[in-house]
Amino acid sequence: MTVRASFPVRAPRFRFVQKEEDAQAIPRAWLGGSLYRTHRFNAFHMIFPHGEIYFLKSVNAFASRVTDPQLAADIRSFVGQEGRHGHEHNRVVELMRGQGYEVDRWITRFRSALDRSQEVLPASWHLAATAAGEHFTAVFARTALDGRMREYPAELERLFTWHAIEELEHKAVAFDVMRSVKIGYATRMVGLAIASYTLLSAWHNATLHLRKQDNLSAADLKTGERETRAKNDLSWREILRAAVQYARPGFHPNDDDDREVLNAALAQWAAVL
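Under the numbering used here, the sequence shown has 869 at position 154, and the numbering climbs by one with no breaks.
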C-alpha cells in the first residue's frame with residue numbers, strides 16, 4: 716500500500732529587497748511605519764529558524780518508534796515543511812543585517828540555549844515542548860490568516876501566509892507522535908511549561924534587543940503599545956489563552972476545525988505559493 720503525507724512540502728520563492736529605489740523594498744519600519752510594532756514581528760524571524768530546527772529534531776528523535784505508516788509519512792512532510800520555514804526566515808534575518816541591525820549575538824545565545832537543553836533534558840520533554848509549541852504556532856497561523864496582515868509588505872505577507880498555511884496543515888503531527896509513543900499528561904504539561912516560558916521570554920528578549928538599537932524613547936513605547944492594541948496585533952494574552960486550552964486533559968489540536976480558513980487561504984494564495 717502506498718501512503719502519502721496529508722500535506723505537501725512547498726518551496727516558494729520570495730524576494731526580500733531593502734533598496735529604497737525598489738518599489739518592493741522592505742523598509743526598517745515595515746509595519747504601519749512603527750518601529751515598535753515592526754520589532755515585535757521581526758523578533759519571530761530571529762526565533763523561528765532555530766526554533767524550527769529544535770522542533771524537527773525533537774520529532775525525528777521518535778520517528779523510528781512510530782509504527783503507523785500514515786503518521787510516519789506525515790513526519791517526513793513535517794520535517795520538510797519546518798526546514799523550509801527556517802530557511803526563508805533566515806533570509807529575512809539577512810535583510811535585517813543589511814538594514815543595520817545586530818542580530819547575531821542574540822541568535823547565538825538562543826541557539827546555544829536550545830542546543831544545551833536538548834543535551835541535558837529528556838527527549839520526551841522536548842517532544843512534549845514541540846507539541847505545545849506547535850499549538851502556539853497554530854494560534855499564530857490563525858491570527859495571520861484572519862486579516863491582520865493587511866499592513867504587511869507584499870513579500871512578508873506571502874511569507875507569513877505560506878508559513879501559516881503549513882502550520883495549520885501539520886499542527887497535529889508532533890502531538891500525534893507524542894500519543895503514539897505513549898507520553899502521558901504529566902510530561903505533556905512539562906512540555907507546555909517549557910514551550911510557554913521559551914516562547915514568551917524569547918519573544919520579549921529578541922524584541923528588546925532590536926528596540927535598544929533604535930533607542931526608542933518612553934513616549935515611543937507608549938505610542939507603540941497604543942497602536943499595538945488598536946491594531947489588534949498578536950499578544951501574549953492569546954498565547955496564555957492557548958496554553959489554558961492546551962492544558963485541558965482531553966485536548967487534541969484538531970479540536971479547532973481550521974478547514975474553512977485553511978481552504979480559503981489555499982484558494983486565495985495557491986497561485987503565488
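In this text, a Cβ means the ideal position worked out from N, Cα and C, and glycines have one as well.
Review point. From Arg-725 to Ala-908, what distance separates their C-alpha atoms?
Key: 32 Å
Point to revise | With 16 other Cβ atoms within 10 Å as the buried cut-off, status of Asn-947 | key: exposed
Review point. With C-beta atoms as the reference, is Val-807 less than 8 Å away from Phe-731?
Key: yes
Review point. First and last residue of the alpha helix (DSSP H) that includes Gly-848?
Key: 838-859
Review point. Does the beta-carbon distance from Pro-968 to His-850 come in below 8 Å?
Key: yes
Review point. Is there contact here, the segment 882-899 with the segment 765-782, by at least three beta-carbon pairs under 8 Å?
Key: yes
Practice item. With a floor of 4 residues, list each alpha helix (DSSP H) that falls wholly inside the segment 914-977, ordered by position along the chain. Key: 933-945, 951-961
Point to revise | For Arg-894, the first and last residue of its enclosing alpha helix (DSSP H) | key: 888-895
Review point. Taking C-alpha atoms, which residue in Asn-978, Met-761, Ala-957, Tyr-900 lies nearest to Asp-970?
Key: Ala-957
Practice item. Would you give the residue range spanned by the alpha helix (DSSP H) that Lys-772 belongs to? Key: 750-775
Point to revise | Start and end residues, alpha helix (DSSP H) containing Thr-876 | key: 869-884
Review point. Mapping DSSP to helix, strand and coil, what is Ala-740?
Key: strand
Review point. Assuming Ser-839 contacts Thr-753 under a Cβ cut-off of 8 Å, what Cβ separation, rounded to an integer in Å, is found between them?
Key: Their Cβ separation, rounded to whole angstroms, is 38 Å, which puts Ser-839 and Thr-753 out of contact at 8 Å.
Check your understanding: Can at least three beta-carbon pairs, one atom from the segment 866-879 and one from the segment 780-792, be found at a separation below 8 Å?
Key -> no
Review point. Would you call the CB atoms of Arg-755 and Thr-922 closer than 8 Å?
Key: yes
Review point. Touch check for the segment 927-935 and the segment 851-871: three-plus C-beta pairs under 8 Å?
Key: no
Review point. What's the C-alpha gap between Leu-771 and Ile-790?
Key: 9 Å
Check your understanding: Can you check whether the CB of Tyr-769 is closer than 8 Å to the CB of Val-836?
Key -> Contrary to the premise, residue 836 reads as Leu rather than Val in this sequence. No. Outside cutoff.
**Study point:** Same chain only: Cβ atoms within 8 Å of Tyr-751, ignoring 5 sequence neighbours per side
**Key:** Arg-926, Leu-931, Asp-935, Leu-936, Thr-938, Gly-939, Glu-940, Glu-942, Thr-943
Check your understanding: Rounded to a whole number of angstroms, what is the C-alpha to C-alpha distance between Leu-915 and Asp-861?
Key -> 22 Å
Check your understanding: Start and end of the alpha helix (DSSP H) containing Ile-790?
Key -> 784-813
Review point. What is the rounded straight-line gap between the Cα of Leu-810 and the Cα of Glu-803?
Key: 11 Å
Check your understanding: From which residue to which residue does the alpha helix (DSSP H) around Gln-990 run?
Key -> What the structure shows of the chain is the stretch from 716 to 988, and residue 990 is not part of that stretch, so it cannot be assessed.
Point to revise | Counterpart residues of Val-732 in DSSP-defined beta bridges | key: Ala-740
Practice item. With DSSP as the reference, label Tyr-816 as helix, strand or coil. Key: coil
Point to revise | CA-to-CA distance, Glu-797 to Glu-884, given in whole angstroms | key: 12 Å
Review point. What is the DSSP secondary structure of Leu-984, counted as helix, strand or coil?
Key: In the sequence under discussion, the amino acid at residue 984 is Trp, which differs from the Leu named in the question. In this structure, Trp-984 counts as helix in the three-state DSSP scheme.
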